[in-house]
Every structure is written in structure tokens, then in C-alpha cells.
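Q:
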Amino acid sequence: MELSTPRLLLREFQENDWHFTHLYESQESVMRYQTSHVRSSQESRDYLLQCMAEAREDPRTLFDLAVVLKSTNMLIGRVGMKIDYDAEEAALWYLLNPTYWNKGYTTEAARALIEYGFEELHLHRFWADCDPRNVGSYRVMEKLGMRREAHFKENIFIKGEWCDSLVYALLDHEWQHRQPL
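If you count by UniProt numbering, then the sequence shown holds residues 1 to 181, one letter each, in order.
1. List the whole-angstrom C-beta distance separating Asn-97 from Tyr-24, where the pair is believed to meet the contact cut-off of C-beta under 8 Å.
2. With C-beta atoms as the reference, is Leu-10 less than 8 Å away from Leu-113?
3. Can you look up Leu-10 in the DSSP assignment and give me helix, strand or coil?
4. In chain order, what residues of the same chain have a beta carbon less than 6 Å from the beta carbon of Gly-80, not counting five sequence neighbours either side?
5. Could you give the first and the last residue of the continuous alpha helix (DSSP H) run that contains Arg-45?
6. Hey, out of Leu-123, Ala-169, Thr-107, Asp-86, whose CA is closest to Arg-7's CA?
7. Checking 8 Å against the spacing of the C-beta atoms, do Glu-149 and Cys-163 come in under that value?
8. DSSP on Arg-111, reduced to helix/strand/coil?
9. Under 8 Å between the Cβ atoms of Tyr-116 and Met-146?
10. Please report the straight-line C-alpha distance between Gln-27 and Ile-76, rounded to a whole angstrom.
11. Are the beta-carbon atoms belonging to Leu-49 and Thr-21 less than 8 Å from one another?
12. Which partner residues does His-151 have in the DSSP bridge list?
13. Cutting at 7 Å between CB atoms, please list the residues of its own chain near Val-30, excluding the five before and the five after it.
14. Which residues bound the alpha helix (DSSP H) around Lys-143?
15. Report the CB separation of Glu-88 from Leu-123 in whole angstroms; it is logged as a contact under 8 Å.
16. Return the residue from the list Thr-61, Ala-91, Asp-46 that minimises the CA-CA distance to Ala-128.
Okay, here's the thing in C-alpha cells:
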């Protein structure tokens, strides 16, 4: 599977991509709000191999795609969704090398995946969550047209502390009636 945007190519991961994912998964600033800790080289490789194996399942429920900058062919991050076909919804996520933060790449990649989910898979709803301290993450959700549905207080224990969660969502008919960029 491949999706293309003006600046990005979203593609399936390849085994040697772990070298690039480890560049950002080994940084505390990137992993701070993730449920997993900073990853070792082996952990980055193992995680990528696990994602590749899940991508071969039928029906496919996990879409975890490499975000590649077209101009340099550099893998700069990942964007993904986990689909619940019974509920006709998908959980959205994204993770980007901090060298490429604040350039609109995350929003561009996530928008392409959402479009694929609504237009090709006929999903009804996308949702995503983040720690309220992760301002960049919820700003991406807002740029995508997602609306805040909930602010849960201390609902998840991550890395030794109780954390809040913001939940955002977008429905298929909201996507269809969004304002053009």
C-alpha cells in the first residue's frame, strides 16, 4: 500500500527501516508521551518487524506506514491506524523525527490516511488521544478537523505517573463537509 501527498510518500515499512525509526524512537523528547519507553536498536527493530507481520493479517486491521519525504527519500516518521471493523472506526496515531516538527508533515500524513480510511475503507469514525501536555499532538488533531470529545483525568498510568487524556474524533460526514485547505 502506498499513499502520496504533495510532499510525502506513505508506504509499507521495510525491514531495514528500523535504522531510521530508531533515530527518533531513541529520543526522550519524542517518546515522552508514548506508552513505551525510549527504545534500544533491537527494540526498534523488533517493533517494526511486529508491525510488518500484523500488516499481513487478513483482514488487515493495523496500518502502520512509513512517512517518507519525497524530496530526499528520507524516512521521517510513521502514521498509523488500528481499525475496528465492527464499530467502523479507527484509532489514529503519528510519530515524527523532531528534525521535521513544525513543518506540517504530520498533519499532511495523517490527512492522507484519514482520507484513505473514509474514502476507500468506508469507515464512519476516526479518533485519537494524547496527553494534554502534548500540545503539538492535539494541534495536529485540530488541524485535521477533529473535535475534542473528552478530557479524562488521570485515566492512564504511564512511566510512573497518572496522566490525563484528551480524546478527539472525526466522523465521515464531518470529513465530507470540511472546509477546503
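A virtual CB, placed ideally from N, CA and C, is assigned to each residue, including glycine. Here the structure is a predicted model, which is why all the values come from computation and not from measurement.
A: Taking the definition as stated:
1. 4 Å
2. yes
3. strand
4. Phe-63, Asp-64, Trp-93
5. 41–55
6. Thr-107
7. no
8. helix
9. no
10. 14 Å
11. no
12. Leu-166
13. Tyr-24, Leu-95, Pro-98
14. 135–143
15. 5 Å
16. Ala-91
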